[in-house]
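Just so you know, the first sequence maps onto residues 104 to 714 in our numbering. Worksheet: one structure, shown below.
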Amino acid sequence: MGREFFVWENFVILSEEKMAAKEKYEESELFRIRHSAAHVMAQAVLEKFPGAKIAIGPAIDDGFYYDFDLPRPLTPEDLVEIEDRMRQIIRGKFPFVRKEISAEEARKLFRDQPYKLELIDGLESGGFDENGEPLNEKPILSTFSHDTFTDLCRGPHVKDTSEIDPEAIKLMSVAGAYWRGDEKRPMLQRIYGTAWYNKEEMEQYLWKLEEAKRRDHRKIGRDLDLFSIVDEVGAGLILWHPKGAMIRKITEDFWMSEHERSGYQFVYTPHIGKASLWETSGHLNFFKENMFSPLDIEGQQYYLKPMNCPFHIHIYKSQLRSYRDLPLRYAEKGTVYRYERSGVLHGLMRVRGFTQDDAHHFCREDQMPHEIDFVLEFSLNILRAFGFNDFKAYLSTKPAKSEGDPARWKAAEAALEASLKRYGVEYELDEGGGAFYGPKIDLKINDAIGREWQLSTIQFDFNEPECFDMNYIGEDGLPHRPYMVHRALLGSMERFFGILIEHYAGAFPVWLSPIQAVVIPIADRHLDYAKKVVESLKSAGLRAYADERSERMNAKIRDAQNQKIPYMLVVGDKEIENNQVALRLRSGENPGPMALEAFLDKARQEIAKKI
RNA sequence: GCCACCGUAGCUCAGCUGGUAGAGCAGACGAUUCGUAAUCGUCCGGUCGAGGGUUCGAAUCCCUCCGGUGGCUCCA
104 MGREFFVWEN FVILSEEKMA AKEKYEESEL FRIRHSAAHV MAQAVLEKFP
154 GAKIAIGPAI DDGFYYDFDL PRPLTPEDLV EIEDRMRQII RGKFPFVRKE
204 ISAEEARKLF RDQPYKLELI DGLESGGFDE NGEPLNEKPI LSTFSHDTFT
254 DLCRGPHVKD TSEIDPEAIK LMSVAGAYWR GDEKRPMLQR IYGTAWYNKE
304 EMEQYLWKLE EAKRRDHRKI GRDLDLFSIV DEVGAGLILW HPKGAMIRKI
354 TEDFWMSEHE RSGYQFVYTP HIGKASLWET SGHLNFFKEN MFSPLDIEGQ
404 QYYLKPMNCP FHIHIYKSQL RSYRDLPLRY AEKGTVYRYE RSGVLHGLMR
454 VRGFTQDDAH HFCREDQMPH EIDFVLEFSL NILRAFGFND FKAYLSTKPA
504 KSEGDPARWK AAEAALEASL KRYGVEYELD EGGGAFYGPK IDLKINDAIG
554 REWQLSTIQF DFNEPECFDM NYIGEDGLPH RPYMVHRALL GSMERFFGIL
604 IEHYAGAFPV WLSPIQAVVI PIADRHLDYA KKVVESLKSA GLRAYADERS
654 ERMNAKIRDA QNQKIPYMLV VGDKEIENNQ VALRLRSGEN PGPMALEAFL
704 DKARQEIAKK I
């Protein structure tokens with residue numbers, strides 16, 4: 104067994120091979136099976152609701168969905184019924200028949216299907232595909248038919264429904280989805296389903312989903328008493344319990360010492376600032392929807408800070424800066440508040456108040472490439488210390504609408520890309536995906552059920568230095584605009600903690616474990632010795648306690664096990680006699696009796712190695 | 001914010017079509033002193049998310065709000 108590290112299957116840097124694999128999925132039989140299952144589902148739904156309007160139904164990772172406009176909300180019973188009917192249809196061995204048609208024919212065929220008509224318009228004008236994405240060339244329209252159902256579709260599909268295993272499909276859930284993802288358009292009902300080559304594969308998938316639930320940070324957070332979110336305090340606001348706070352403290356201590364030794368200077372800034380500050384910074388322009396309403400203080404408006412940068416900029420501006428002063432690196436664990444719409448809140452991952460491990464670099468143009476190298480290497484090292492090696496990197500470049508000198512954009516993008524290459528980080532290019540004020544690198548990882556979360560971000564800002572008219576005096580005696588880089592490595596303490604919990608399923612490495620060792624006396628007469636052992640552990644710097652309850656040893660082990668405490672030290676008559684402890688690990692391994700000193704050596708080593 | 005579902009003791013959950021609540025775990029107390037994943041017993045614990053309505057009577061039905069879950073949208 105070993106330790107409970109989780110190996111992420113889809114948790115890799117997107118390399119070219121992976122991209123190729125992704126393209127291959129769309130040509131795979133599994134893709135055709137899923138896409139075809141979506142059609143079969145649409146048929147079953149249309150039979151049940153003859154007036155239903157159908158939208159689109161693609162294959163997706165792990166399954167498929169289809170969007171419908173229905174006369175009433177779907178119930179779980181409906182899903183069972185639809186699923187049963189799907190099996191019947193599949194057993195009918197209906198062939199899928201492709202037919203090319205003209206736009207005119209298509210309009211006639213789908214005259215009662217307004218969503219299809221809209222798609223036809225988009226396709227015909229050569230403008231947009233089914234997702235509303237622009238098309239390069241005018242496509243040939245085609246339909247696919249099986250049994251009684253015909254859909255506007257480019258395919259590909261299975262030859263006939265016998266290629267779908269009726270025992271390897273399952274309807275998973277129904278959810279609302281805006282037509283074309285636009286919240287101004289109608290809300291449709293989306294049915295999600297999953298489909299596999301065979302029953303075994305599907306069951307394996309379902310088992311994985313169950314497993315993912317078991318490592319959900321919200322559940323573990325409660326079970327291990329790490330944090331809570333309570334109604335009366337407010338949605339999206341986190342209470343860190345002592346054990347969670349201990350992990351945070353260890354994380355922050357490590358973070359602080361790494362920053363200190365790498366040339367950062369720490370700053371502290373307030374939680375609120377005057378409206379005029381946020382006007383100057385531009386936040387009231389482009390970030391207002393995410394800011395809490397202002398506080399009125401003696402007739403002046405103050406806002407809770409959604410970001411730390413304006414404060415750091417003011418520290419920069421507190422005196423005249425020389426080119427010799429640069430680079431400056433200001434770091435702060437800055438607590439910010441952002442209004443997030445209620446529907447998007449999610450445990451620790453998406454909250455309304457959080458602490459960013461923020462920093463701002465100010466440098467000269469000639470220092471910029473090195474500064475990026477430095478920050479990228481620094482982030483990778485920090486992330487590795489927490490056991491993260493696999494993530495996706497994204498490089499986002501200049502969008503159509505942007506501010507700042509194009510030459511600066513070019514230089515910054517080049518610096519970012521060069522650093523990624525230098526450090527061997529494979530990345531995906533998100534052309535035009537940068538913010539209006541600068542290009543950036545994002546590092547993202549997946550949570551327990553494959554949702555992607557942003558961790559680190561390194562982004563240039565060409566806007567704020569202008570807004571605040573930042574300067575330094577160059578060798579030429581003239582003022583120059585410094586380059587400014589925002590960066591957060593862990594992202595926010597809250598989200599990072601959530602990701603940590605899921606990554607380790609609560610079995611944190613020893614150096615992070617809030618309780619590292621529990622001493623378990625077998626009977627009450629071993630209590631004194633147990634307490635003595637705890638004292639030794641504590642003076643050696645371990646976080647330890649004795650389980651003094653009048654419970655049986657088995658119960659104490661079980662509880663320690665469930666609390667994922669790394670070391671259990673059982674002490675009974677034999678241990679007392681030999682001045683030993685009997686070590687048991689949460690993995691179930693049982694190294695057995697050893698001298699206390701021997702255990703301390705082992706523990707010290709593992710803590711130093713951060714495993 | 002939108003769609004759907006959900007909200008009963010600290011936790012997990014039962015309580016059918018309306019007749020004012022129950023289990024296990026946790027907790028307290030007592031007994032037990034035991035060698036690698038749950039010792040036994042007793043007790044405590046809920047104005048059924050909040051407010052309003054229908055009804056002789058609401059945890060059960062209706063409305064509003066709050067919160068959660070899964071999606072959508074958003075994510076500087």
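Ideal placement from N, C-alpha and C gives every residue a C-beta, glycine not left out. In this text the structure is predicted, and so the values were computed from the model without any measurement.
- DSSP places A698 inside the beta strand (DSSP E), whose first and last residues are G695 to A698.
- Here T251 carries a coil assignment [DSSP, helix/strand/coil].
- DSSP, reduced to helix, strand and coil, places V277 within a strand of the structure shown.
- By the CB criterion at 8 Å, T560 and A517 fall outside the cutoff.
- Of I602, E286, V183 and L291, the smallest CA-CA separation from K156 is found for L291.
- Contact between I341 and L451 holds: their C-beta atoms lie close to 6 Å from each other, under 8 Å.
- Spatial neighbours of R201 in its own chain (CB-CB distance under 7 Å, excluding positions within 5 residues in sequence) are listed in chain order as S245, F247 and G258.
- When L645, P542 and R441 are compared, the shortest CA-CA separation from A510 is found for P542.
- It is roughly 22 Å from the alpha-carbon of M596 to the alpha-carbon of R317.
- Taking a C-beta distance under 8 Å as the contact criterion, A147 and R175 do not qualify as a contact pair.
- Between Q459 and the set Q557, R293, L672 and K501, the nearest pair of CA atoms involves Q557.
- Of the residues assessed, N411 falls on the buried side of the cut-off, its CB having 16 or more other CB atoms within 10 angstroms.
- Sequence-distant Cβ neighbours of K504 in its own chain, meaning closer than 8 Å and more than five residues away, are F539.
- Put simply, of K262, F611, L226 and Y586 the residue whose alpha carbon is nearest the alpha carbon of Y426 is Y586.
- With respect to the 8 Å criterion, A698 and Q708 are not classified as neighbours on the basis of their beta carbons.
- Judged by pairs of C-beta atoms under 8 Å, the segment 488-504 touches the segment 527-537, as three or more such pairs exist.
- The C-beta distance from A633 to V674 rounds to 5 Å, short enough to meet the 8 Å contact threshold.
- Going by beta carbons, R432 and Y367 fall inside the 8 Å limit.
- Excluding five sequence positions before and after K641, the CB atoms of its chain that fall closer than 8 Å to its own CB belong to A647, given in chain order.
- Selection I163, Q664, I416 and P582 evaluated against L380 yields I416 as nearest (Cα-Cα).
- In the DSSP assignment, R201 is bridged to F247.
- Non-local C-beta neighbours of M305 in its own chain, meaning closer than 7 Å and more than five positions away in sequence, comprise A271, K273, T297 and W299, ordered along the chain.
- Counting every other CB atom within 10 Å of its CB across the protein chains shown gives L423 a total below 16, marking it as exposed.
- If only uninterrupted alpha helix (DSSP H) runs of at least 4 residues are considered, those enclosed by the segment 364-431 are 378-384, 386-389 and 412-419.
- Between the alpha carbons of M656 and I485 lies a distance of about 39 Å.
- Per the coordinates, the alpha-carbon of S360 lies some 32 Å from the alpha-carbon of E569.
- The segment 656-673 makes contact with the segment 603-618: 3 or more CB pairs, one atom from each, lie closer than 8 Å.
- Annotation: F213 to P161 spans about 18 Å, alpha carbon to alpha carbon.
- As computed with DSSP, K196 is found in no beta bridge at all.
- Counting only runs of 4+ residues, the alpha helix (DSSP H) found wholly inside the segment 563-612 occupies 567-570 and 596-607, in chain order.
- DSSP links I163 through a beta bridge to G166.
- By the Cβ neighbour-count rule, A140 is buried, with 16 or more other Cβ atoms within 10 Å of its own.
- Residue burial is scored here from C-beta neighbours: A434 has at least 16 other C-beta atoms within 10 angstroms and is therefore classed as buried.
- About 5 Å separates the beta carbons of D170 and R293, which is inside the 8 Å limit, making them a contact pair.
- The C-beta of A658 has fewer than 16 other C-beta atoms within 10 Å across all chains shown, which makes the residue exposed.
- In the structure shown, the three-state DSSP call for V333 is coil.
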